[in-house]
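Contents: one structure, followed by commentary.
Protein chains: 2
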Amino acid sequence: MSARKMVNRQSICDTAMQLIRLHGVESLSMRTLAAALGIKAPSLYDHVKNRDEVIALVQGAGLLDFGDGFAVAGTTTRDKILFYRQWALANPKLYPVVFQQRLQRELLPDGLEANVLGLVVDAAGGSHILARTMWAQLHGLVDLELQGRLPVDADMQSTWEQVIVGFEANQKANMT
Amino acid sequence: MSARKMVNRQSICDTAMQLIRLHGVESLSMRTLAAALGIKAPSLYDHVKNRDEVIALVQGAGLLDFGDGFAVAGTTTRDKILFYRQWALANPKLYPVVFQQRLQRELLPDGLEANVLGLVVDAAGGSHILARTMWAQLHGLVDLELQGRLPVDADMQSTWEQVIVGFEANQKANMT
DNA sequence: ACCTGAACACCGTTCAAGT
DNA sequence: ACCTGAACACCGTTCAAGT
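Sequences listed follow chains A and B, in order.
When we follow our numbering, the leftmost residue of the first sequence carries the number 98, and every step to the right adds one.
When we follow our numbering, the leftmost residue of the second sequence carries the number 98, and every step to the right adds one.
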């Protein structure tokens, strides 16, 4: 019967992430989080500094999960691009927390952000500038898609194909 | 002495927009908004349904302002792209409200969204798919820039130039 | 029609107090 | 060390009451 509670930073992060996945960040309160952990809100402050630190924990875990998947997602740029979209659509509530909120860098594991950025640069073929324009495009398209800012009849399949061929063309032009 | 108050939907929109420009959406409360208008919070509900409707008013006004500028911003695609960035950087707190929040379409002036989307399609040369990939890139890059998600030493000048030449190349490839 | 004070159910956070 | 109830200053929103 008795569920192991064992509240610590890890279980706080896991539970917060689960709640965000289900209902979005905006509905994650210190009271609901505490309740899901079987304690009261003030007790959370024995484990984390404040709500921002909870968000930072989730950002770190999300970035790690994304990075792991991205690193092994096929070998071609096409594979990486499609993985990016797939991860975002599979984690629609988590995506904005990990990729849109201002990063609280001092609270992130050392080197985690640089590591993920490095993966993107690799996927872009080594150019930092191309990496940025590619990342911007993936991020922007995913954001517009998640926020429902595109026409409902928009042909997203073709749009993503255009992103891929467009990027490959830029890459080729950049090598000359 | 006595300042003309004249509270109505227009003055509510203007004041809310001003407060958002200064301090961001997250600090716009019905109480602070009311105070800035010289009334109490409950009185706002005689003019608008709720806070979401205030946001929708600002979205509409912001979209209109952006559209007006974009329409007359030079003739080349390059001009349009640079205007997009410039508008975003000039309105850093407003930008996410207008271009990132879920649009409350039923509260927007009729045809406003379609009008702005049409301007983007025109700027992209008429192709809906190219318009979407271009818009995504501009939106994504602006968002990464505003959120400080890019390395501090990132060469943004060159990055935007790459966006422009990359888009022009795609446009050319698309015409064949 | 437009405004008010009081109230409701929420927030994040602090603090004294318990074990 | 970890947890609690009570409290603070905030939210959005409703409502009876005033003009």
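Ideal Cβ placement from N, Cα and C applies to all residues, glycine included.
What residue range does the alpha helix (DSSP H) around residue 104 of chain A cover? The residue labelled residue 104 of chain A in the question sits at position 7 within the first sequence. Element bounds for residue 104 of chain A: n/a, residue is neither H nor E.
Excluding the 5 residues preceding and the 5 following residue 234 of chain B in the sequence, name in chain order all residues of the same chain whose CB lies nearer than 7 Å to its CB. Position 137 of the second sequence, counting from 1, holds the residue named residue 234 of chain B. Cβ within range, chain order: 260.
Closest residue to residue 238 of chain A among A:258, A:223, A:226 (Cα-Cα distance): Locating residue 238 of chain A in the first sequence gives position 141, where the first residue counts as 1. Among A:258, A:223, A:226, the Cα nearest to that of residue 238 of chain A is on A:258.
Which term fits residue 230 of chain B, buried or exposed, when burial requires 16 or more other beta carbons within 10 angstroms of its beta carbon? If you number the second sequence from 1, residue 230 of chain B lands on position 133. Its Cβ being crowded by 16 or more others within 10 Å, residue 230 of chain B is buried.
Integer Cβ distance of residue 141 of chain A from residue 131 of chain A, believed to fall under 8 Å: Locating residue 141 of chain A in the first sequence gives position 44, counting from the first residue. Locating residue 131 of chain A in the first sequence gives position 34, counting from the first residue. About 5 Å separates the two Cβ atoms, so the contact holds.
For residue 267 of chain B, decide whether its Cβ has a neighbour in chain A, counting only Cβ atoms nearer than 8 Å. Numbered from its first residue, the second sequence carries residue 267 of chain B at position 170. Output row for residue 267 of chain B: interface = yes.
So which residues on chain B does residue 175 of chain A lean against when the C-beta distance must stay under 9 Å? Reading the first sequence from its first residue, position 78 is the one you call residue 175 of chain A. In chain order: nothing, as chain B lies at least about 15 Å away.
Can you grab the Cα-Cα spacing for the pair residue 172 of chain B / residue 204 of chain A, in whole Å? The residue given as residue 172 of chain B occupies position 75 in the second sequence. The residue given as residue 204 of chain A occupies position 107 in the first sequence. Those two C-alpha atoms are separated by around 46 Å.
With a floor of 4 residues, list each alpha helix (DSSP H) that falls wholly inside the stretch 121 to 206 of chain A, ordered by position along the chain. List check, alpha helix (DSSP H) in window: 127 to 134, 138 to 141, 148 to 169, 174 to 187, 191 to 196.
What are the start and end residues of the alpha helix (DSSP H) that includes residue 255 of chain A? The residue given as residue 255 of chain A occupies position 158 in the first sequence. 253 to 272 is the extent of the alpha helix (DSSP H) around residue 255 of chain A.
Exposed unless 16 or more other CB atoms sit within 10 angstroms - verdict on residue 119 of chain A: Within the first sequence, the letter at position 22 stands for residue 119 of chain A. So residue 119 of chain A ends up on the exposed side.
Using 8 Å as the Cβ pair cut-off and three pairs as the minimum, do the stretch 177 to 197 of chain B and the stretch 208 to 219 of chain A touch? No, because fewer than three Cβ pairs between the stretch 177 to 197 of chain B and the stretch 208 to 219 of chain A fall closer than 8 Å, the two stretches do not touch.
Own chain, CB closer than 7 Å to residue 176 of chain B, minus 5 neighbours either side, in chain order: For this step, residue 176 of chain B is matched to residue 79 along the second sequence. 170.
Ignore the nearest five residues each way along the sequence and tell me which others in residue 236 of chain A's own chain have a CB closer than 7 Å to its CB. Position 139 of the first sequence, counting from 1, holds the residue named residue 236 of chain A. Counting only Cβ-Cβ distances below 7 Å, and skipping sequence neighbours, we find 196.
Can you list, in chain order, the residues of its chain with a C-beta nearer than 7 Å to that of residue 148 of chain A? Leave out the 5 residues immediately preceding and following it. The residue you call residue 148 of chain A lines up with position 51 of the first sequence. The residues are 127.
Could you list which residues in chain A have their beta carbon closer than 7 Å to that of residue 270 of chain B, in chain order? As a first step, residue 270 of chain B is located in the second sequence; it is residue number 173 there, counting from the start. Here the neighbours are 266.
Helix, strand or coil for residue 237 of chain A, going by three-state DSSP, please let me know. Here residue 237 of chain A refers to the residue found at position 140 when the first sequence is read from its first residue. In this structure, residue 237 of chain A counts as helix in the three-state DSSP scheme.
Segment limits, alpha helix (DSSP H) that includes residue 219 of chain A: Taking the first residue of the first sequence as position 1, residue 219 of chain A is located at position 122. Element bounds for residue 219 of chain A: 209 to 220.
Candidates A:164, A:181, A:190: which alpha carbon is nearest residue 244 of chain A's? Position 147 of the first sequence holds residue 244 of chain A. Minimum Cα distance to residue 244 of chain A is reached at A:190.
Alpha-carbon spacing of residue 137 of chain B relative to residue 164 of chain A, whole angstroms: Position 40 of the second sequence holds residue 137 of chain B. Position 67 of the first sequence holds residue 164 of chain A. Each residue's Cα considered, the two are about 49 Å apart.
Residue 109 of chain B and residue 134 of chain B look like a contact to me (Cβ under 8 Å); what is the Cβ gap, rounded to whole Å? Locating residue 109 of chain B in the second sequence gives position 12, where the first residue counts as 1. Locating residue 134 of chain B in the second sequence gives position 37, where the first residue counts as 1. Indeed they touch by this definition, with Cβ atoms about 7 Å apart.
Suppose the cutoff is 8 Å on Cβ atoms and the five residues either side in sequence are ignored; what does the same chain contact list for residue 202 of chain B look like? Sequence index remark: in the second sequence, residue 202 of chain B carries index 105 (1-based). Excluding sequence positions up to five before and after residue 202 of chain B, its CB lies within less than 8 Å of the CB of 210, all in the same chain and listed in chain order.
On a CA-only basis, which of A:187, A:162, A:107, A:182 is nearest residue 232 of chain A? Give me that one, please. Here the question's residue 232 of chain A lines up with position 135 in the first sequence. That would be A:182, whose Cα lies nearest to the Cα of residue 232 of chain A.
Between the alpha carbons of residue 100 of chain A and residue 213 of chain B, how many angstroms are there, rounded? Locating residue 100 of chain A in the first sequence gives position 3, counting from the first residue. Locating residue 213 of chain B in the second sequence gives position 116, counting from the first residue. Unreliable positioning characterises residue 100 of chain A in this predicted model, as indicated by a pLDDT of 46, which lies under 50. The coordinate reading is nonetheless provided below. Looking at the two C-alpha atoms, the distance is approximately 55 Å.
Just by C-beta distance, which residues in the stretch 193 to 205 of chain B are closer than 8 Å to chain A? 196, 197, 198, 199, 200
Quick check on DSSP: helix, strand or coil for residue 247 of chain B? Along the second sequence, one-based indexing puts residue 247 of chain B at 150. Looking at residue 247 of chain B - three-state DSSP - the assignment turns out to be coil, as it is neither helix nor strand.
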